[in-house]
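Protein sequence lines, in the order shown, are assigned to chains A and B. The numbers in the first sequence follow our numbering, run straight up by one, and end at 270. The numbers in the second sequence follow our numbering, run straight up by one, and end at 270. What follows is a set of notes on a single structure, which appears directly below.
Protein chains: 2
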Amino acid sequence: MEETDQAIIAALTVDGRLSYTDLAEKVGLSVSAVHQRVRRLEQRGVIKGYAAQVSFEALDLPLTAFVAIRPFDPSQPDDAPERLAHLPEIDSCYSVAGEDFYLLLLRVAGPADLERVLQEIRTSANVTTRTTVVLSTPYEHRAPKVTLDPANQHRLRGVSAE
Amino acid sequence: MEETDQAIIAALTVDGRLSYTDLAEKVGLSVSAVHQRVRRLEQRGVIKGYAAQVSFEALDLPLTAFVAIRPFDPSQPDDAPERLAHLPEIDSCYSVAGEDFYLLLLRVAGPADLERVLQEIRTSANVTTRTTVVLSTPYEHRAPKVTLDPANQHRLRGVSAE
DNA sequence: CTTGAAAACACGACTCG
DNA sequence: CGAGTCGTGTTTTCAAG
Chain A
109 MEETDQAIIA ALTVDGRLSY TDLAEKVGLS VSAVHQRVRR LEQRGVIKGY AAQVSFEALD
169 LPLTAFVAIR PFDPSQPDDA PERLAHLPEI DSCYSVAGED FYLLLLRVAG PADLERVLQE
229 IRTSANVTTR TTVVLSTPYE HRAPKVTLDP ANQHRLRGVS AE
Chain B
109 MEETDQAIIA ALTVDGRLSY TDLAEKVGLS VSAVHQRVRR LEQRGVIKGY AAQVSFEALD
169 LPLTAFVAIR PFDPSQPDDA PERLAHLPEI DSCYSVAGED FYLLLLRVAG PADLERVLQE
229 IRTSANVTTR TTVVLSTPYE HRAPKVTLDP ANQHRLRGVS AE
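See below:
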């Protein structure tokens, strides 16, 4: 039961375009049964969606950088994420514990583009920045260890998504 | 031309399971024309693949953390990424400029799990760790600004993927 | 969860600018 | 050479058991 859902999720994280036919064969179930389970996983929010994985190099965004930010004036309201959301170069924004307030992940075209985006970040959110340039990426976005334990089912009770 | 490919990529990064019929309608082209373009984008490596986006909370991995590592003994060969690859809790590994050697992105079940993984990282790669816990994630993995400029086409010449 | 059947889709061959 | 049409095999999707 649980094990089948795990197998489905594991397969779809590797290849999100698998047909239900192939998926059924992979997990040893009928096509409709698999279809039902996938729909339930989607509705419960376990599967949030499907996305094409694009090469950032091909998109002319070969430079990745982490930018730690903290407010220039900590007494003012902290709405940095909203203020920065309009910058398409920001891939992710994490609120973090530690010395910094947020950690941003940037994808830019090169050093000049990085400089421009950093200036926009500083002026848009009134923050100071500390940048860490990524030299290479040994691996990224690996498939997680899939474990749908019963305890987790409780947490999802009544939570609807989609 | 270029613009159509950009529209295709933008659409597929948002919904990777779009049918060619829907995709054709979205970009204003015939079905087979879109089909051809998608296949070319896949073969050129612009589209690297498709993946289901899974909720880490639903997978019982609600805690995200960044771990900066540097070797305990910098004179020894640096093969940390390979030594750490067996840990499924490591989502990504970035080689970075700056004080640290690598930046890891972890997805774990909770503080106890984090402690265990940190110990495994230290012993597996003989490194010291500096951990930044993520408190919340305002946004993550946003769709990049898509621009397939001609200059980029040259870089892809002769590069085959898939 | 399975079966089965209808609609939609994928994907090649073919034709037209 | 890229775009559109056609036709067949596959896949999706729903209803019933």
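C-beta: ideal position from N, C-alpha, C; glycine also.
For the set 128/A, 210/A, 240/A, 163/A, the Cα lying nearest the Cα of residue 141/A is the one of 128/A. Three or more beta-carbon pairs separated by less than 8 Å are not found between the stretch 135-152 of chain A and the stretch 192-200 of chain A, which leaves the two stretches without contact.
Judged by their CB atoms, residue 236/B and residue 177/B are nearer to each other than the 8 Å cut-off. Residues of the same chain with a CB within less than 8 Å of the CB of residue 226/B, apart from the 5 flanking positions on each side, are 175, 237, 239 in chain order. Put simply, the CB of residue 254/B is near chain A, with a gap under 8 Å to one of its CB atoms.
Just measuring C-alpha positions, the residue of 245/B, 206/B, 232/B, 135/B sitting nearest residue 215/B is 245/B. Annotation: the stretch 119-173 of chain B contains the following complete segments of the beta strand (DSSP E) (minimum length 3 residues), in chain order: 155-162. Remark: C-beta atoms of residue 139/B and residue 116/B do not approach each other more closely than 8 Å. Under the three-state reduction of DSSP output, residue 179/B falls in the strand class. The beta carbon of residue 249/B falls within 8 Å of a beta carbon belonging to chain A, placing the residue at that interface. Burial is judged here by how many other beta carbons sit within 10 angstroms of a residue's own beta carbon; residue 231/A has fewer than 16 and is exposed. With contacts defined as CB atoms closer than 8 Å, residue 253/B and residue 161/A fail to qualify as a contacting pair.
With respect to chain B, the C-beta atom of residue 218/A has no partner C-beta closer than 8 Å. Under the three-state reduction of DSSP output, residue 224/A falls in the helix class. Apart from sequence neighbours up to five positions away, the residues of its chain that approach residue 113/A with a beta-carbon distance below 7 Å are 145, 149, 256, ordered along the chain.
Residue contact check for residue 156/B against chain A: a CB pair falls below 8 Å. With a cutoff of 8 Å on beta-carbon distance, residue 209/A and residue 187/A are scored as not near each other. For the stretch 123-141 of chain A, residues whose beta-carbon sits nearer than 7 Å to a beta-carbon of chain B comprise 123, 124, 125.
By the neighbour-count definition (other C-beta atoms within 10 Å, threshold 16), residue 220/B is an exposed residue. Secondary structure note for residue 215/B: its beta strand (DSSP E) is the uninterrupted segment 210-216. Excluding residues up to 5 positions away in sequence, 211 lie with their Cβ nearer than 6 Å to the Cβ of residue 202/B in the same chain. Per DSSP, residue 238/B is one residue of the beta strand (DSSP E) stretching across 235-247. Counting every other CB atom within 10 Å of its CB across the protein chains shown gives residue 124/A a total of 16 or more, marking it as buried. No residue range can be given for residue 254/B, since it is assigned to no beta strand (DSSP E) and is classified by DSSP as neither H nor E. At a cut-off of 8 Å between beta-carbon atoms, residue 233/A makes no contact with chain B. Residues 170, 172, 215 of the same chain have their beta carbon placed closer than 8 Å to that of residue 164/B, with the five preceding and five following residues left out of the count.
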